[in-house]
Amino acid sequence: MSTNDALILLRSVVREIAQVDIDGLARTTTFTELDIDSLTVVEITTAMEESLGAKIPADVFAELATIGELEEQVVRMAGGPEAAMSPST
Amino acid sequence: MSVRVRSPHARILGLGDYRPSRVVTNDELAETIDTSDTWIRSRTGIGSRHVAAPDDTVVSMAVEAGRKALAASRLSADSIDVVILATCSIPRAIPGGASMVAELLGCASPAAFDLNSACSGFCHGLEVAASLVCRGSARHVLVVGSERFTADWIDWEDRGVCVLFGDGAGAATVGPSSEPDIGPVVWGSDGSGARFIAVPDGDWAIRMDGRNVYRWAMTHVAPLARHVCDEAGVRPADLAAIVPHQANLRIVEAVARAVASHGAVVATDVVDTGNTSAASVPLALSRLVREQQVSSGDLVLLLAFGAGLSWAGQVVRMP
Ligand SMILES: CC(C)(COP(=O)(O)OP(=O)(O)OC[C@H]1O[C@@H](n2cnc3c(N)ncnc32)[C@H](O)[C@@H]1OP(=O)(O)O)[C@@H](O)C(=O)NCCC(=O)NCCS
């Protein structure tokens, strides 16, 4: 999947699971600000991981707090499982 | 070499439980820590938990639950050959608690040992008990899950952990059977997640990476529920009840969804018991019996998971 398609998929997954539209939001928007609790973040990332066949590393996952950080992981995963395992910058 | 008389199969003979009388609500917790009933309920489903009194110890609670299980199975204490105490919250490693439980129940010098597989301890114990019975090493085994976290292992200022746990004990007696009434166990471990739930070096209280535990439970444990049914050769539609480890209502619901059995009752004891680790499955199961939500002969799916990481589950037939 292209990174663009992956980001489009992310938007629809977030809309479906959390009933939130992230289109056009600042990348620094936190899940807390959107009233998305971290357990719902799990549901979102799990759906993305299943679609992209890759995994967000546990350490990165424990700290995931903003839309931008989530998008960054989705882009990594769309680039293949190896890219997704490399440390986040 | 000679072998003992074996039993072809094993079954649960009776159940018992013990819940400390003191109930602590979320609102009560919110008086001393920065939390709220809404926050706790929305994340975990927990509304209140039982908290041990000073004289409710891991051993004393196990004895109370064990006594009830013996009575329910009409067994005398001296017919118990092995006592297995599943616990991870006993305050001292030496001596283990199982021999004291046996002594206080009046068992006649049975083999007795503690089993620490944290929250999945009771389901591990059930498989060990069934194996002992089938090998002829024991005729009757008492398996007890008993935990007292709140006094010794919980930092009441760590709001990400202290709101989750409660105290209590649940027990089952296991004995011989002509039918396979304790199904094949599905169990395992993943030490790469050992740090997710742990008392870190130099610390004294349980600390948790709640997010990663939740992620693991949702993605790895919940799907195992179906596998437990398959191993037992039981169709989800044949289950009368589903008893997942009572850690978090959202995980309980995910396990139930994975099984997709429309008729089965789903245990939700977590709502007013919190997470009681090794005691959680037998507490929830005893409650289903008491509330007549399951009856004798019913098939029930058990699936527990927790620190280790570890998991174990099986289908059992109700006594
Ligand atoms: C523990 C659990 C409820 C925490 O929920 P969460 O949404 O992941 O919470 P987080 O740790 O991400 O914290 C989110 C925020 O809520 C806060 N918070 C944590 N506990 C809180 C509480 N009891 N009340 C109010 N706020 C709390 C955190 O401090 C954090 O705030 P911050 O972002 O300002 O620092 C949840 O992760 C969980 O249930 N995990 C599974 C645990 C489990 O089942 N363990 C046992 C397995 S056997």
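Just so you know, the protein sequences line up as chains V and P, in that order. Add 1 to the 1-based position in the first sequence for this note's numbering, that's all there is to it. Add 69 to the 1-based position in the second sequence for this note's numbering, that's all there is to it. Cβ atoms here follow ideal geometry from the backbone N, Cα and C, with glycine treated the same way. In this text, all values refer to a predicted model and were calculated from it rather than measured experimentally.
Does residue i come out as helix, strand or coil in the three-state DSSP assignment?
i, result
"Trp285 of chain P", "helix"
"Asn185 of chain P", "coil"
"Arg118 of chain P", "strand"
"Ala373 of chain P", "strand"
"Leu144 of chain P", "coil"
"Val93 of chain P", "strand"
"Leu378 of chain P", "coil"
"Asp86 of chain P", "strand"
"Pro313 of chain P", "strand"
"Phe265 of chain P", "helix"
"Met70 of chain P", "coil"
"Trp108 of chain P", "helix"
"Thr337 of chain P", "coil"
"Met387 of chain P", "coil"
"Leu11 of chain V", "helix"
"Arg356 of chain P", "helix"
"Val212 of chain P", "strand"
"Ile159 of chain P", "coil"
"Gly194 of chain P", "helix"
"Gly237 of chain P", "strand"
"Ile223 of chain P", "coil"
"Ala180 of chain P", "strand"
"Arg80 of chain P", "strand"
"Gly257 of chain P", "strand"
"Leu154 of chain P", "strand"
"Arg276 of chain P", "strand"
"Val243 of chain P", "strand"
"Thr90 of chain V", "Confidence at Thr90 of chain V is low in this model, with a pLDDT of 39, below 50, so its placement is unreliable and the value that follows should be read with caution. Thr90 of chain V: coil per DSSP, three-state reduction."
"Ile251 of chain P", "strand"
Does any residue of chain V have a CB that is nearer than 7 Å to the CB of residue i?
i, result
"Ala376 of chain P", "no"
"Met287 of chain P", "yes"
"Asp278 of chain P", "yes"
"Arg264 of chain P", "no"
"Ser379 of chain P", "no"
For a contact meaning CB atoms closer than 8 Å, what does residue i contact in chain V?
i, result
"Asp227 of chain P", "Under the 8 Å cutoff, chain V gives no residues; its nearest Cβ is about 16 Å from Asp227 of chain P."
"Ser111 of chain P", "Asp38"
Using a Cβ cut-off of 7 Å, pull out every chain V residue sitting near residue i, in sequence order please.
i, result
"Asn281 of chain P", "Ala59, Phe62, Ala63"
Is there at least one Cβ from chain P nearer than 7 Å to residue i's Cβ?
i, result
"Thr41 of chain V", "no"
"Thr90 of chain V", "With a pLDDT of 39 at Thr90 of chain V, under the threshold of 50, the modelled position of this residue cannot be trusted, and the question is left open."
"Pro82 of chain V", "Residue placement at Pro82 of chain V is flagged as unreliable, the pLDDT there being 44, under the threshold of 50; a coordinate-derived value is accordingly withheld."
Residue i touches chain P at which residues, Cβ-Cβ below 8 Å?
i, result
"Thr47 of chain V", "Arg284, Met287, Thr288"
Comparing the CB of residue i with every heavy atom of ligand 3, is any distance shorter than 6 Å?
i, result
"Asn281 of chain P", "As presented, the structure is devoid of ligand 3, carrying ligand 1 as its sole ligands."
Round the Cβ separation of residue i and residue j to the nearest angstrom and send it over; I've been treating them as touching at under 8 Å.
i, j, result
"Ile81 of chain P", "Gly343 of chain P", "Their Cβ separation, rounded to whole angstroms, is 24 Å, which puts Ile81 of chain P and Gly343 of chain P out of contact at 8 Å."
"Val202 of chain P", "Ala301 of chain P", "About 18 Å; that fails the 8 Å criterion."
"Gly190 of chain P", "Gly229 of chain P", "The pair is not a contact, with the Cβ atoms about 23 Å apart (cut-off 8 Å)."
"Leu211 of chain P", "Ala240 of chain P", "6 Å"
"Met287 of chain P", "Val21 of chain V", "At roughly 20 Å, the Cβ-Cβ gap does not stay under 8 Å, so Met287 of chain P and Val21 of chain V are not in contact."
"Cys298 of chain P", "Pro305 of chain P", "6 Å"
Can you confirm whether residue i, when its beta carbon is compared against all beta carbons of chain C, has any partner nearer than 7 Å?
i, result
"Ser111 of chain P", "Protein chains V and P are contained in the structure displayed, whereas chain C is not."
message = Taking beta-carbon pairs under 7 Å, can you tell me which members of the stretch 317-328 of chain P lie near chain V?
response = Taken in chain order, the members of the stretch 317-328 of chain P whose beta-carbon sits within less than 7 Å of a beta-carbon on chain V are Arg319.
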